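Quick note: our numbering has the sequence shown finishing at residue 676, numbered continuously throughout.
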Amino acid sequence: MTGASPTPSRARCRGITQALVAWFRASARDLPWRRTDDPYRIWLSEVMLQQTRVETVVDYYERFTRAYPTVEALARAPEQRVMKLWEGLGYYSRARNLHAAARWVVREGGGAFPTTADDLQALPGVGRYTAGAVASIAFGEPAPILDGNVKRVLARLFAIDDPIDRPATVERLWALAARVVDRDDPGTSNQALMELGALVCTPRNPRCDACPVARRCDARRVARVAELPVRTPRKPVPHHDIVAGVLTRRGRLLFGQRPPGGLLGGLWEFPGGKVEPGESHVEALVRELDEELGIRATIGPLVAAVDHAYSHFRITLHLYRVEDFDGDPTPHTHTALRWLRRADFERYAFPKATLRLLPHALD
Ligand code: SF4
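Right under this line is the structure:
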């Protein structure tokens with residue numbers, strides 16, 4: 314079957330939906346956000362689950378809902394506190410959007426969420442997927458959902474061999490997702506699709522023998538499960554070496570706050586930056602500390618180095634001790650600078666790579 318294949322019949326889609334819903338009702342994992350119909354909690358879980366594993370999200374969700382049990386409580390929270398609770402989950406724009414969306418809901422809706430997928434997309438950070446998930450699970454709207462898991466499941470179920478990252482294929486997958494939504498219980502059928510993708514129809518080694526829709530799966534029928542879905546070949550992910558310095562003053566370490574809006578916006582980091590072609594680490598760090606803080610630094614030994622992957626590039630962050638410096642550090646590129654004691658770390662949010670380096674910096 315190719316991109317020009319006919320739309321599957323209603324009867325076939327209904328059979329798939331019924332099998333999925335029955336399977337989900339019998340064997341769904343008991344997750345905290347599945348015990349509520351509160352749109353705030355469902356929305357929060359959906360935002361946390363983007364790009365993040367369920368096992369990781371459970372703890373964050375419990376802590377977050379304890380700190381902010383309602384959308385009003387989240388709207389009132391200071392941003393740094395929200396970022397601190399998010400620390401380690403990554404993709405920090407999600408946390409900033411979450412906070413902005415909570416304020417929007419309180420300001421525009423008096424604390425009530427919009428109830429349709431279309432209206433939910435007015436919230437900061439809420440795209441078509443999250444809107445569909447919240448509208449179907451919390452409000453019973455038969456709105457489709459399509460994330461990476463669901464794309465994979467549908468591409469296999471209907472043996473779609475067009476690259477699933479192509480806009481035309483994505484639109485086709487949205488149309489298929491709409492056809493398999495259960496009109497009577499859209500929240501359950503959507504969650505069943507996600508659950509199937511997470512537990513059974515996994516990227517590698519899908520468990521077709523345990524699959525509730527195996528009998529109805531085109532990829533299985535034509536023995537093409539391992540080949541699907543197809544993606545446009547990716548360009549290699551660029552790698553950057555980043556150097557940063559530990560400046561110490563009376564037992565405190567110096568951190569700079571990244572400007573809001575950009576990558577890791579609002580988080581606190583050791584000052585430093587990218588190593589340019591032809592530069593040694595020490596040359597790069599001396600230059601960066603001059604540009605960022607206006608100081609002339611003497612660089613000491615390497616403290617530690619960590620690798621970290623972002624969505625479109627990878628870095629190795631090399632942390633050096635700064636033995637001495639001339640000048641008074643002033644924020645040229647950061648929003649603010651702070652000298653922090655170990656006890657202060659609780660109140661500040663750091664990028665994951667920085668968090669991994671903190672214990673070494675304190676030695
Ligand atoms: S039969 Fe296999 S490939 Fe088809 S939906 Fe089930 S797990 Fe996925």
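Glycine included, each C-beta is placed from N, C-alpha and C at the ideal position. Only a predicted model underlies this, so the values are computations on that prediction, with no experimental measurement involved.
Give the DSSP-derived three-state secondary structure of arginine 327 in the structure shown. Position 14 of the sequence shown, counted from the first residue, corresponds to residue 327. Here arginine 327 sits in helix by DSSP.
Note the first and the last residue of the continuous alpha helix (DSSP H) segment covering alanine 430. Translated into positions along the sequence shown, residue 430 becomes position 117. Here the alpha helix (DSSP H) through alanine 430 covers 430 to 433.
Sort out for me which residues DSSP pairs arginine 571 with in a bridge. Along the sequence shown, read from residue 1 onward, the residue named residue 571 stands at position 258. Its beta-bridge partners do not exist; DSSP assigns none.
Nearer than 6 angstroms: is that true of the beta carbon of proline 542 relative to any heavy atom of ligand 1? Locating residue 542 in the sequence shown gives position 229, counting from the first residue. Not so, every heavy atom of ligand 1 lies at least 6 angstroms from the Cβ.
Is proline 519 a contact residue of ligand 1, with contact defined as CB to any heavy atom under 6 angstroms? Along the sequence shown, read from residue 1 onward, the residue named residue 519 stands at position 206. For ligand 1, at least one heavy atom lies less than 6 angstroms from the Cβ of proline 519.
Beta carbon of arginine 634 nearer than 7 angstroms to that of valine 619: Working through the sequence shown from its first residue, we reach residue 634 at position 321. Working through the sequence shown from its first residue, we reach residue 619 at position 306. Cβ atoms of arginine 634 and valine 619: not closer than 7 angstroms.
Quickly, what does DSSP pair isoleucine 473 with across the bridge? List them, please. As a position in the sequence shown, residue 473 is number 160, starting the count at 1. In DSSP, isoleucine 473 forms no bridge with anything.
Which whole-angstrom value describes the C-beta separation of leucine 630 and alanine 557, a residue pair presumed to lie in contact below a C-beta threshold of 8 angstroms? Working through the sequence shown from its first residue, we reach residue 630 at position 317. Working through the sequence shown from its first residue, we reach residue 557 at position 244. Between alanine 557 and leucine 630 the Cβ distance is about 6 angstroms, and since that is below 8 angstroms, they are a contact.
Under the criterion of a Cβ to heavy atom distance below 6 angstroms, does leucine 470 qualify as lining ligand 1? Mapped onto the sequence shown, residue 470 falls at position 157. Yes; taking the cut-off as 6 angstroms, the Cβ of leucine 470 has a heavy atom of ligand 1 nearer than that.
Could you name the residues of the same chain whose beta carbon sits closer than 8 angstroms to that of serine 508, not counting the 5 residues immediately before and after it, in chain order? As a position in the sequence shown, residue 508 is number 195, starting the count at 1. According to the sequence provided, residue 508 is glutamate. The question's serine does not apply to it. Hits under 8 angstroms: Phe337, Ala341 and Arg342.
So what's glycine 591 in DSSP terms, helix, strand or just coil? Walking along the sequence shown from the start, residue 591 turns up at place 278. Of the three classes helix, strand and coil, the one that applies to glycine 591 here is coil, per DSSP.
How about arginine 609: is its C-beta nearer than 7 angstroms to some C-beta of chain C? Among the chains of the structure shown, chain C does not appear; only one protein chain is present.
Mind checking who threonine 629 pairs with in its DSSP beta bridge? Along the sequence shown, read from residue 1 onward, the residue named residue 629 stands at position 316. DSSP, once it has assigned bridges, lists Asp554 and Asp620 as partnering threonine 629.
Helix, strand or coil at leucine 653 [DSSP, three-state]: As a first step, residue 653 must be located in the sequence shown, where it is residue number 340. Leucine 653 falls in the strand class under three-state DSSP.
The segment 550 to 564 / the segment 634 to 647 touching (three or more Cβ pairs under 8 angstroms): yes
Alpha carbons only, please: which of Gly607, Arg469 and Asp639 is nearest the one belonging to alanine 539? Residue numbering aside, residue 539 sits at position 226 when the sequence shown is read from its first letter. Per the Cα distances, Arg469.
Flag this pair as yes or no: are the beta carbons of alanine 388 and alanine 408 separated by less than 7 angstroms? Against the sequence shown, residue 388 aligns to sequence position 75. Against the sequence shown, residue 408 aligns to sequence position 95. No, Cβ-Cβ distance for alanine 388 and alanine 408 is not below 7 angstroms.
By the DSSP assignment, the alpha helix (DSSP H) with threonine 545 in it spans what residues? Counting from 1 along the sequence shown, the entry for residue 545 is found at position 232. It is not in any alpha helix (DSSP H) - threonine 545 carries neither H nor E in the DSSP assignment.
heavy atom of ligand 1 below 6 angstroms from valine 493 C-beta: For this step, residue 493 is matched to residue 180 along the sequence shown. Flag unset: Cβ of valine 493 not near ligand 1.
Rounded to whole angstroms, what's the CA-CA distance from glutamate 454 to alanine 656? Just pull it up for me. On the sequence shown, position 141 is the one that residue 454 refers to. On the sequence shown, position 343 is the one that residue 656 refers to. Answer to the nearest angstrom: the Cα atoms are 48 angstroms apart.
What do you get for arginine 533, buried or exposed, if any count of 16 or more other CB atoms within 10 angstroms of its CB means buried? On the sequence shown, residue 533 is found 220 positions in, with the first residue counted as 1. By the neighbour-count rule (16 or more Cβ atoms within 10 Å), arginine 533 is buried.
As assigned by DSSP and simplified to three states, the class of cysteine 521: The residue given as residue 521 occupies position 208 in the sequence shown. Reduced to three states, the DSSP call for cysteine 521 is helix.
Quick check on proline 382: does DSSP put it in helix, strand or coil? On the sequence shown, residue 382 is found 69 positions in, with the first residue counted as 1. Three-state result, proline 382: coil.
Arginine 651 versus arginine 571 - alpha carbon distance: On the sequence shown, residue 651 is found 338 positions in, with the first residue counted as 1. On the sequence shown, residue 571 is found 258 positions in, with the first residue counted as 1. Their Cα atoms are separated by approximately 12 angstroms.
Reducing DSSP to helix, strand and coil, say where alanine 317 ends up. Taking the first residue of the sequence shown as 1, we reach residue 317 at position 4. Unreliable placement is indicated for alanine 317, whose pLDDT of 41 sits below 50; no coordinate value is reported for it.
Option nearest aspartate 639 by Cα separation, candidates His625, Asp603, Ile628 and Phe626: Start at 1 with the first residue of the sequence shown, and residue 639 comes out as number 326. If we check each option's Cα against that of aspartate 639, Asp603 comes out closest.
Measuring straight from C-alpha to C-alpha, what distance separates leucine 362 and leucine 411? Here residue 362 corresponds to residue number 49 of the sequence shown, with the count starting at 1. Here residue 411 corresponds to residue number 98 of the sequence shown, with the count starting at 1. Spanning the two alpha carbons is a distance of roughly 13 angstroms.
Under the three-state DSSP convention, the category aspartate 531 falls into: As a first step, residue 531 is located in the sequence shown; it is residue number 218 there, counting from the start. Of the three classes helix, strand and coil, the one that applies to aspartate 531 here is helix, per DSSP.
Taking C-beta to C-beta, are isoleucine 612 and histidine 553 nearer than 7 angstroms? Your numbering for residue 612 matches position 299 in the sequence shown. Your numbering for residue 553 matches position 240 in the sequence shown. Not in contact: isoleucine 612 and histidine 553 (Cβ atoms no closer than 7 angstroms).
Option nearest alanine 472 by Cα separation, candidates Phe583, Tyr442, Leu541 and Gly423: Looking up residue 472 in the sequence shown gives position 159. Out of Phe583, Tyr442, Leu541 and Gly423, Leu541 has the C-alpha closest to the C-alpha of alanine 472.
Would you say cysteine 326 touches ligand 1, meaning its beta carbon is less than 6 angstroms from a heavy atom? In the sequence shown, the residue the question calls residue 326 occupies position 13. Incorrect: cysteine 326 has no Cβ contact closer than 6 angstroms to ligand 1.
Can you tell me which of the three DSSP states aspartate 478 falls into? For this step, residue 478 is matched to residue 165 along the sequence shown. DSSP places aspartate 478 in coil when its eight states are reduced to three.
Can you grab the Cα-Cα spacing for the pair phenylalanine 426 / leucine 433, in whole Å? One-based indexing of the sequence shown puts residue 426 at position 113. One-based indexing of the sequence shown puts residue 433 at position 120. Going from the Cα of phenylalanine 426 to the Cα of leucine 433 covers about 8 angstroms.
How many angstroms separate the CA atom of isoleucine 758 from the CA atom of alanine 446? The structure shown has nothing for residue 758, since the chain only spans 314 to 676.
For glycine 422, which of Arg348, Ala491, Cys530 and Glu385 has the nearest alpha-carbon? For the purposes of this step, residue 422 is taken as the residue at position 109 of the sequence shown. Comparing Cα-Cα distances from glycine 422 to each of Arg348, Ala491, Cys530 and Glu385, the minimum goes to Glu385.
May I ask you to check if the CB of arginine 533 is nearer than 6 angstroms to at least one heavy atom of ligand 1? The residue labelled residue 533 in the question sits at position 220 within the sequence shown. Because some heavy atom of ligand 1 lies under 6 angstroms away, the Cβ of arginine 533 counts as near it: yes.
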